[in-house]
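Peer 1: In our numbering, the protein residues as written are 548 to 1449.
The C-beta atom is built at its ideal place from N, Cα and C for all residues, glycine as well.
I am attaching a structure below and will ask some questions about it afterwards.
Laid out in structure tokens, this is it:
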């Protein structure tokens, strides 16, 4: 018989898949002997049954009742008893952290009689009614579906009536009024009364938490974080402890290291006479955790000891929630803490220095997304005319962002969808604001600190965030904010948010390179001692990655400038040099001349005019990559792409004719050429190898330009290593025909110059048939480069640009795939073709070099796949080279050396 409920002491950290992250961590703390309020966990399996059938699994109610009875016996109190009742918290707890995305209800068990028993002494009356108010509010919104904003509005009305800064200033009578108002609101909105029966409260809350797995904000969060849809959530049922009993009580959040910077030391926030929800919600401003040392030295010392034990057990920075009830410390939650990109690198390096983790584990603790964030620009406040500071707050999530101020999530989504950059502003954020936070460049709140909802979610998403800007007043009705100096910013005003300094400036502040980007631009040399610590940390972990990785990293580069930057960033060659990019701009008329040539002689003259320009480009690129491979792809796109737009030409000619003027002869020639070359599906038309076979002289011109560039570099004392890549090959015979022409040109240039030329010839595997016949193609290829962009398009049967605009968003929403296959390699389909091409190619030619080019080459998850598939290199844009290097190193880690903290 399946077990659906586990006591905390029956579980462990290793059971996170069954007990959820929260339940597993509570079990771990209980096993360690830490002061954890007793309780039990309903498993994710029970949730999955409920989601699949619409009903809880058979026997679940009985299991919960048995564990509840044991909890009551241990506590000496019963749920629902009138005198000093046992109260429960019911919280969601998925396998992966989803802060604020699912539901929680506190103080289960209170009703109109039990609240009197809880508040039987005068000093407990306000606490009892405050607790009851919280239950009715949470149960009403979470279980009964009443809009949470309506409850907040009633609280706001009462605060304004008393001119109170927050709800902590409201007295017992106010709390009683709120309870009655909340009950009236529930009855009005739902047509039913708030349930007085504690057993019904518990049962309905458990099912509501199950249902919250499929809530909109949870689904949005899972899509963003790529969390599987079928995991379900566990439910943690726990005895309540109270931080709202008076000045000797309180709640807080602690980190064993600073989650924003990674600096070591106790860090966090504390709120006296408050529950944990008050701290996280950010509705009251907290004090630094160090103040607890003055308020309650004993609890502070005990908390520090528990934090040290937890960091040692988890071997990572821990995020801890705690409550102090009448001087007694209770540990409510721990988990591996979310952190900024800077903190991730800093903490990994520190833990390795401290001997808590190995260097390999340190490397596994960072990733390419974090590195890319560190390479992002920052504000240049030294520039002239920098806007005035309009707000200062807590630097909750670092970075620099510019956008128009908006005051609700829907407006943020609307404007961002229209292409506008926005900054979401509010008193605080709630889980319902998640769509707006995703759409926004930055978040600014008047309340809250580094552990508020806004801060935690922003750090997780890599969004810039400033919290607790107490000098601003947000007026949602008028859709404006007023600064401490009385300046009013209306919706649409552009501001610059500095999440590193906690400063907001008026207008768009110019950007400057980050220190990490400067480090890579300088060639990744060991930083000077005075460099910021983050630069030292990045340098150290990049060195670890380079020493661990098997995959080489090359760059996609088409100009000498791009090639030089790629080399500074650590590229070991060029994996894709697109020759078509050399035909744009001022050179376009020369390509038009090739297309319009009516005779072979005319085409030869036009190609001859292009050749010295290409030779010059190739020479510069080979010089920038001297001693490293440079893979040049022969012309790939259809020739009509180099001609003016068909509609534009037709309109221009029609206007001339309508005005009784004779259209330019060249316009007529160009339109005729466009009409002649028009294809219904140019993606699969006359391009690549087909183009080289159909247009005489095109391959020879490009190969001669490259060969003469090699000769020039050798005469200059260089070490050029050019490789020639034939695109869009579908059959071995195509490659053989093109290669014969390439070999002939190379032989001619070698004979003319007296210099031996060794330029390997390979092909791009970018069509399904090419992948499936790779064994035959490999016999005529020195190397393969996997063109996974086109391979994805031809495997999925769609154009990337059309699909991403037309139906891919819907596919992601409906769970067809979690990530676009153009961003991350589709392992089941395209990945299978890659594996076939590698296996068959190497079976035919064991020394075959195989790489991949395009954006997949710089995608972290894809790099891991290419490592496992046995490729020799990945190639990506120059700015993604550091990311690819880091991920190639992480991919090479053995399972035994990889991180196990999460």
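1) Once the 5 residues before and after residue 1057 are set aside, which same chain residues still bring their CB inside 7 Å of it?
2) How is the beta strand (DSSP E) around residue 938 delimited, first residue to last?
3) Return helix, strand or coil for residue 1099, following the three-state DSSP convention.
4) Taking one C-beta from the segment 660-672 and one from the segment 621-632 each time, how about it: are there three or more such pairs within less than 8 Å?
5) Would you call the segment 1198-1215 and the segment 1291-1299 touching, i.e. three or more CB-CB distances under 8 Å?
6) Can you tell me whether DSSP reads residue 643 as helix, strand or coil?
7) Can you tell me where the beta strand (DSSP E) holding residue 1334 begins and where it ends?
8) Around the C-beta of residue 1364, are 16 or more other C-beta atoms found within 10 angstroms, so that it is buried, or is it exposed?
9) DSSP three-state label for residue 551, please.
10) Could you pull out every unbroken alpha helix (DSSP H) segment of at least 4 residues lying fully inside the segment 797-833, listed in chain order?
11) Could you tell me if residue 1449 is buried or exposed, where buried requires 16 or more neighbouring beta carbons within 10 angstroms of its beta carbon?
12) Helix, strand or coil: how does DSSP classify residue 568 here?
13) Going by the DSSP bridge assignment, what does residue 872 pair with across the sheet?
14) Have a look at the DSSP bridge pairing and note the partners of residue 1043.
15) Report the residue from 1125, 716, 1165, 1173 whose alpha carbon sits nearest the alpha carbon of residue 1115.
16) Please name the residue in 1125, 1150, 1146, 960 whose C-alpha comes closest to that of residue 1137.
17) Report back the beta-carbon spacing between residue 1125 and residue 1100 to the nearest angstrom; my notes put them in contact at under 8 Å.
18) Which residue comes first and which comes last in the alpha helix (DSSP H) that contains residue 652?
19) Which residues bound the alpha helix (DSSP H) around residue 1064?
20) Is it a yes or a no for the segment 1294-1308 touching the segment 1203-1222, going by three-plus beta-carbon pairs under 8 Å?
21) Out of curiosity, what's the CA-to-CA distance linking residue 761 and residue 1374?
22) Taking the C-alpha atoms as reference points, what is the distance between residue 859 and residue 903?
23) Measuring CA to CA, which of 839, 938, 1127, 831 is closest to residue 1046?
24) Considering only C-alpha positions, which residue in the set 1003, 1001, 991 is nearest to residue 1018?
25) Are the CB atoms of residue 737 and residue 756 nearer to each other than 8 Å?
26) Between which residues of its own chain and residue 1078 is the CB-CB distance below 8 Å, once the five residues before and five after are set aside?
27) Give the straight-line distance between the Cα atoms of residue 1399 and residue 1344, rounded to the nearest whole angstrom.
28) Using the rule of at least 16 other Cβ atoms within 10 Å of the residue's Cβ for burial, across every protein chain shown, is residue 1241 buried or exposed?
29) Determine contact between the segment 1310-1329 and the segment 1384-1403, defined as no fewer than three beta-carbon pairs at a distance below 8 Å.
30) For the segment 1361-1429, list the alpha helix (DSSP H) runs that are entirely contained and at least 4 residues long, ordered along the chain.
31) For residue 1024, count neighbouring Cβ atoms within 10 angstroms of its own Cβ and tell me buried if that reaches 16, exposed if not.
32) Do residue 792 and residue 642 count as a contact pair if the criterion is CB distance below 8 Å?
33) Under 8 Å, do residue 671 and residue 722 count as touching if we go by C-beta distance?
34) What did DSSP end up calling residue 786 once you bin it into helix, strand or coil?
35) For residue 915, which option in 1406, 1388, 1423 has the closest C-alpha, if you only look at C-alpha atoms?
36) Can you list, in chain order, the residues of its chain with a C-beta nearer than 8 Å to that of residue 1315? Leave out the 5 residues immediately preceding and following it.
Peer 2: Looking at the atomic coordinates:
1) Within the chain shown, numbered from 1, the residue matching residue 1057 stands at position 510. Result list for residue 1057: 927, 930, in chain order.
2) If you number the chain shown from 1, residue 938 lands on position 391. Looking at the DSSP string, the run of the beta strand (DSSP E) that includes residue 938 is 936-939.
3) The count along the chain shown starts at 1 and reaches residue 1099 at position 552. In this structure, residue 1099 counts as strand in the three-state DSSP scheme.
4) yes
5) no
6) As a working note, residue 643 is residue 96 in the chain shown. Here residue 643 sits in coil by DSSP.
7) In the chain shown, counting from the first residue as 1, residue 1334 sits at position 787. Run containing residue 1334: 1330-1334, per the beta strand (DSSP E) assignment.
8) Here residue 1364 is taken as the residue at index 817 of the chain shown, counted from 1. Result: exposed.
9) Within the chain shown, numbered from 1, the residue matching residue 551 stands at position 4. DSSP places residue 551 in coil when its eight states are reduced to three.
10) 823-828
11) Indexing the chain shown from 1 puts residue 1449 at position 902. Note that residue 1449 scores a pLDDT of 47, beneath 50, so its modelled location is shaky; the value from the coordinates is reported in the next line. Under this definition residue 1449 is an exposed residue.
12) As a working mapping, residue 568 is identified with position 21 in the chain shown. DSSP places residue 568 in helix when its eight states are reduced to three.
13) As a position in the chain shown, residue 872 is number 325, starting the count at 1. In DSSP, residue 872 forms a bridge with 875.
14) Sequence index remark: in the chain shown, residue 1043 carries index 496 (1-based). Looking at the DSSP assignment, residue 1043 forms a beta bridge with 949, 1052.
15) As a position in the chain shown, residue 1115 is number 568, starting the count at 1. Of 1125, 716, 1165, 1173, the residue nearest in Cα terms is 1173.
16) Stepping through the chain shown from its first residue, residue 1137 is reached at position 590. The residue with the shortest Cα to Cα distance from residue 1137 is 1150.
17) Residue mapping note: residue 1125 aligns to position 578 of the chain shown, counting from 1. Residue mapping note: residue 1100 aligns to position 553 of the chain shown, counting from 1. Contact doesn't hold; Cβ gap of about 18 Å is too wide.
18) Sequence index remark: in the chain shown, residue 652 carries index 105 (1-based). That residue, residue 652, is in no alpha helix (DSSP H); its beta strand (DSSP E) goes 651-655.
19) The residue labelled residue 1064 in the question sits at position 517 within the chain shown. Element bounds for residue 1064: 1062-1068.
20) no
21) Within the chain shown, numbered from 1, the residue matching residue 761 stands at position 214. Within the chain shown, numbered from 1, the residue matching residue 1374 stands at position 827. When rounded, the distance between both Cα atoms is 27 Å.
22) On the chain shown, residue 859 is found 312 positions in, with the first residue counted as 1. On the chain shown, residue 903 is found 356 positions in, with the first residue counted as 1. For residue 859 and residue 903, the distance between alpha carbons rounds to 7 Å.
23) On the chain shown, position 499 is the one that residue 1046 refers to. Of the listed residues, the one whose Cα sits closest to residue 1046 is 938.
24) Counted from its first residue, the chain shown places residue 1018 at position 471. The residue with the shortest Cα to Cα distance from residue 1018 is 991.
25) To locate residue 737, count along the chain shown from 1; it is residue 190. To locate residue 756, count along the chain shown from 1; it is residue 209. In this structure, residue 756 does not lie closer than 8 Å to residue 737 by Cβ.
26) Within the chain shown, residue 1078 is the residue found at index 531, counting from 1. So the list reads 1062, 1066, once near-sequence residues are dropped.
27) By 1-based counting over the chain shown, the position of residue 1399 is 852. By 1-based counting over the chain shown, the position of residue 1344 is 797. Each residue's alpha carbon lies about 21 Å from the other.
28) Residue 1241 sits at position 694 when you count from the first residue of the chain shown. Label assigned to residue 1241: exposed.
29) yes
30) 1377-1391, 1407-1416
31) Locating residue 1024 in the chain shown gives position 477, counting from the first residue. Residue 1024 comes out exposed.
32) As a position in the chain shown, residue 642 is number 95, starting the count at 1. As a position in the chain shown, residue 792 is number 245, starting the count at 1. Cβ distance not < 8 Å, so residue 642 and residue 792 don't count as in contact.
33) The residue labelled residue 671 in the question sits at position 124 within the chain shown. The residue labelled residue 722 in the question sits at position 175 within the chain shown. Contact flag unset, no.
34) Sequence index remark: in the chain shown, residue 786 carries index 239 (1-based). Residue 786 falls in the strand class under three-state DSSP.
35) Translated into the one-based positions of the chain shown, residue 915 becomes position 368. Among 1406, 1388, 1423, the Cα nearest to that of residue 915 is on 1406.
36) The count along the chain shown starts at 1 and reaches residue 1315 at position 768. Answer for residue 1315: 1338, 1341, 1342, 1380, listed in chain order.
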